[in-house]
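Using my numbering, read the sequence shown as starting at 6 and increasing by one per residue.
The structure under discussion appears below in the form of structure tokens.
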Amino acid sequence: MKRKYVQAMMAAMALTLSVSLPTTTVLAAAAEKEQTVYVTADENGSTEKVIVSNWLKNGSKDSSLTDNSDLQNIENVKGDESFSQNSDGSITWSAGGNDIYYQGETNASLPVSVKITYYLDGKQIQPDALAGKSGKVKIRIDYQNHSQQKVKVGDTEEIISTPFMMATGMILPGDKFSNVEVKNGKVVSDGKNDIVMGIGFPGLADSLQLDDIDDLKDKEIPDYVEITADVEDFSLALTATVATTGTLNDLGLDEIDSIDDLRDSIDELTDASTKLVDGSDELREGLETLDSSAVTFKDGLNSADKGTGKLKDGIDTMNGKKGDLLSGVSQLVDGMKTLKKGAGDLQSGVKSYTDGATQLQKGINQVDTGAGSLKDGIDTLNSKKGELTKGIGDLADGGKQLQAGASSLQSGVKSYTDGAAQLQKGINQLDSELKQQLGQAAQLPEAVKGISSGAGQLAGGAKALGAGAAQAKEAAGSLEEKINGFSDGLGGAKSLLGKAVDILEGASSSNAQAINKEASAQAKEAVQKENAAVNSKANAQQEKNVRAALKAAGVDEETASDVMNKLQDINVGTQTEASVDVSDKTKSANPAEQLAGIRSQLDAIQGGIDENALNSVKKDIGDLADGAQKAVDGANDLEKGLTAFQKAVEPLSGFSDIAAKLQGAVGQLKTGSDQLSGNSEALNAGAKAVTDGAAGLNAGLTSLSKGAGTLSDGIGQLADGAKSLKDGTAQLKSGAKELVSNNKALTNGTKQLADGSKTLLEGGNTLKTGADTLGDGIGKLADGAKSLKDGTAKLAEGGNDLKEGTGKLLDGSTELADGMKEFDEEGIQELATLINVDLQDVLDRLKAVTDADKAYTAFDGANPDGSGSVKFIIETAAIETED
């Protein structure tokens, strides 16, 4: 950064001097040599290294250029032109019509130098000791001229110094330096720093010998610069000094032959000075424009640097991802290989598909025929649904009457058990009072008669109850058989629907027609079996069994006849709490879903048969029958006791024997009565269970009756679905025909796909080769992007330096303009006032100095037939504290 800062400041000084100083006229035929000597010096100004940069201007576009030079380590800094060393020490460049830019090193003594001396608080101090100190600092720069020439001054020869103008610049930070003053120079502030510019002409005063002229001896030609300042924590980045010749060339003193001519020249010099003043103002205005443009230029460089940074990041990302790209291309090529193989497999598969499509068309034709038969069978089922619905309704009515008869049965059983209780009470009273009644023999036959009559009736009732219970048990078995028959009928219907669904789901199979035929036959057979079961079992058995149960229950004949009339039209019977719910959604579903839905409804009906409730009724009827049987057994015992009692009282021969037998017969009566009375509770519980079962049976039949309507709707929807199925198979038939019609195009397409996949694979291999090349290119591009980013970063940094340099240059131009005014007013104008002084000697010396100025054109060797110019840039080392 410091190096660039120094270069920018020196470039600004060189530009200032090139504008303010006259230039050498160039002859077009000769190669002009413009030379810059870069000198590196220590803090005191002692030379450490010298590098010479030459620019050979090939105005005539010669193929070769010869230059006198004693430099070492010569190198071409802008082109690839080569040179050869000549025997006289000169070098010849193969220019090819181009300008030549080269540089080299030398150990030759310099014609000029600087000596820098440092003071702190009035005492001299070494620069390394001054670093970091604070106080009053003075820096004195003495310009030294070591170049002398022998020239003719008037009629005599003298040794004079080559006229060099030397200017020094330095930047003093405002946070460390204050109250800066300079002798033989100017101070310009940019708000943050003080910029010091000093100027001197070493040896010129001695060459002109102005001290010998009274009117001029007080005119000082400076050869040093002195800077003073108050300093905190001293440090100095550098000093840069530019030394150049050619200052006096444009004065035209060699053409002056008299004082009058001198006056004319002075007038011209006055005019030229005025123009220089005006030019310096114009220069300042131009530099103002340059300074403002430098801001835009700097911003553009910063934007370019940011842009190249983003470009580099993007290229780095691309470079980092190129592995994924190459991997992806490899996977793509592998996929293309798989595609090629798959295309071959697809071609084989399409052939199988087209063959299958042909077979499918044949199968669909068979399914279409089967769907017609299925529709006919379901239409027949739909036409018979009215009979089924009516039978279920009649069965529900019979269930209500059966419930009423069960209630009557329960009432009869209660009457029976009440009579048994009274009988037991009477026999117990008879037994307890028998001894008291033995003396009343005259009344005994009548009592025996009454007892015989009551016991006979009781025994007859018990037998009738046993017969009724047996018939009820038989009726319950018949009812179970009827329920099983109805379940078998539902199973047949479910089987029919299952076959229909299988036909639809297997429509593409080649045996669809056979399945349809078998399903139709099985459906008809199932319907016939179901009807036969209902007609033969339910109708035949229910009349006999229910009539016996009603009779046993004590139902009157008129009510029993009405119940039997209702049962004549009933085909099936069951106890269920399930209901059928055929949703309207089945109307919009396909036929297979409709049949499956109705089959699920039949599953719900069959599942709704409450086996536990049925078993409970059967158990209750069985318990009732067992109780009745016990009653019959008791009646038989009673009948036996009555017979014995009758036999005992018939002879009445011997009161003691009669009494004993009578007492034994009463004991038997008491035993039979106890048995009858002991079964009363069981009979009542059984009768209640029968009544409850009949009520549950009636509720199930009522639910079945309600579900019959829904089942009827479902069968109707099934018929609609069968019609839709028939229509759908017709569409399938048409679609299959269209499907087969595309077989040829599909075969051709798969062949084209196979051929295309082969070509695609060939292109993929080419793509992989190109991707590898692209990966290598991306790597090189990433390297180039890095170099580009480094370059733009340096450009941006240089742009900042340029902006600082243009700012300083602008300040310098302002100072130059002010200096030129001062130079014009205090120098040129005052010089014009000296015209009346005897200046012949001064004129002779000025001519001699001017000749010496013209003679010095190069440091490393001047070309005899060419012209040129040379300037020296001396950079001193920085003074800083050690970290």
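From the three backbone atoms N, C-alpha and C, an ideal C-beta is built for every residue, glycine too.
Query: By how many angstroms is the C-alpha of PHE239 removed from the C-alpha of ASP180?; Result: 10 Å
Query: Just the C-alpha distance for ILE383 and GLY726, rounded to the nearest angstrom, thanks.; Result: 9 Å
Query: Using a Cβ-Cβ cutoff of less than 7 Å, which residues in the same chain neighbour ALA759 once the five nearest sequence positions on both sides are dropped?; Result: ALA348, GLY349 and GLN352
Query: With distances taken between CB atoms, is the gap from ALA863 to GLY873 smaller than 8 Å?; Result: yes
Query: Between ILE79, PHE302 and GLY84, which lies nearest to GLN90 when the distance is taken from Cα to Cα?; Result: ILE79
Query: From the DSSP secondary-structure annotation, give me the bridge partner or partners of TYR123.; Result: ILE130 and ILE144
Query: Which one of THR764, GLY94, ALA100 and GLN77 has the shortest CA to CA distance from SER87?; Result: ALA100
Query: Hey, would you say MET202 sits closer than 8 Å to GLY817, going by beta carbons?; Result: yes
Query: Please return the same chain residues whose Cβ sits closer than 6 Å to the Cβ of VAL42, not counting the five positions on each side in sequence.; Result: VAL57, PHE864 and PHE877
Query: Below 8 Å between beta carbons: does that hold for GLU48 and ILE121?; Result: yes
Query: Once you ignore the five residues that flank ALA362 on each side, which residues in its own chain have a CB closer than 8 Å to its CB?; Result: ALA741, LEU744, VAL745 and ASN748
Query: Quick one: what does DSSP say LYS181 is sitting in, helix, strand or coil?; Result: coil
Query: On the DSSP letters alone, give me the boundaries of the alpha helix (DSSP H) that ASP211 sits inside.; Result: 209–213
Query: Where does VAL334 land, buried or exposed, given buried means 16+ other C-beta within 10 angstroms?; Result: buried
Query: Given a cut-off of 8 Å, decide if ASP195 and GLY812 are closer than it, judged by their beta-carbon atoms.; Result: yes
Query: Figure out for me which residue from VAL82, SER152, MET825 and ILE96 has the closest Cα to the Cα of PRO116.; Result: SER152
Query: So within the stretch 846–887, which uninterrupted alpha helix (DSSP H) runs reach at least 4 residues, ignoring any that extend past its ends?; Result: none
Query: Ordered along the chain, which non-local residues of its own chain (more than five positions away) have a Cβ less than 6 Å from that of THR71?; Result: SER95 and THR97
Query: Quick check on the DSSP output: what are the complete beta strand (DSSP E) runs of length 3 or more inside the stretch 787–823, in order along the chain?; Result: none
Query: Enumerated in chain order, which unbroken segments of the beta strand (DSSP E) with a length of 3 residues or greater are wholly contained in the stretch 349–426?; Result: none
Query: Can you give the beta carbon distance from VAL119 to GLN149, rounded, assuming they're within the 8 Å contact cut?; Result: 7 Å
Query: Pull the bridge partners of LEU5 from the DSSP assignment, please.; Result: Any answer about residue 5 is impossible in this case: the structure gives the chain only from 6 up to 888.
Query: Does the Cβ of SER388 have 16 or more other Cβ atoms within 10 Å, making it buried, or fewer, making it exposed?; Result: exposed
Query: For ALA33, which residues in the same chain have their Cβ closer than 8 Å to its Cβ, ignoring the five residues on either side in sequence?; Result: The pLDDT assigned to ALA33 is 31, lower than 50, so where the model puts this residue is not dependable, and the model offers no usable value.
Query: DSSP on LEU61, reduced to helix/strand/coil?; Result: strand
Query: I believe THR244 touches MET175 by the beta-carbon criterion, under 8 Å. Please report the beta-carbon distance rounded to the nearest angstrom.; Result: 5 Å
Query: Measure the CB-CB distance between SER166 and SER212 and report whether it falls below 8 Å.; Result: yes
Query: Do GLN408 and ALA692 count as a contact pair if the criterion is CB distance below 8 Å?; Result: no
Query: Restricting to Cα atoms, I'd like to know which of ASP217, LYS191, LEU209 and LEU215 is closest to VAL230.; Result: LYS191
Query: Can you tell me the Cβ-Cβ gap for ASP436 and LYS645, rounded? I've got them flagged as a contact below 8 Å.; Result: Between LYS645 and ASP436 the Cβ distance is about 17 Å, and since that is not below 8 Å, they are no contact.
Query: Which first and last residues belong to the beta strand (DSSP E) in which ALA46 is found?; Result: 37–46
Query: Less than 8 Å separating the beta-carbons of GLY714 and THR394?; Result: yes
Query: Can you name, in chain order, every residue of its own chain whose Cβ lies under 8 Å from the Cβ of ASP310, other than the five neighbours on each side?; Result: LYS794, THR797, ALA798, LEU800 and ALA801
Query: State the beta-bridge partners of VAL192 as determined by DSSP.; Result: VAL201
Query: So, with DSSP's three-state summary, where would you put ILE165?; Result: strand
Query: So which of ASN805, THR855 and GLY431 has the shortest CA-CA distance to ASP304?; Result: ASN805
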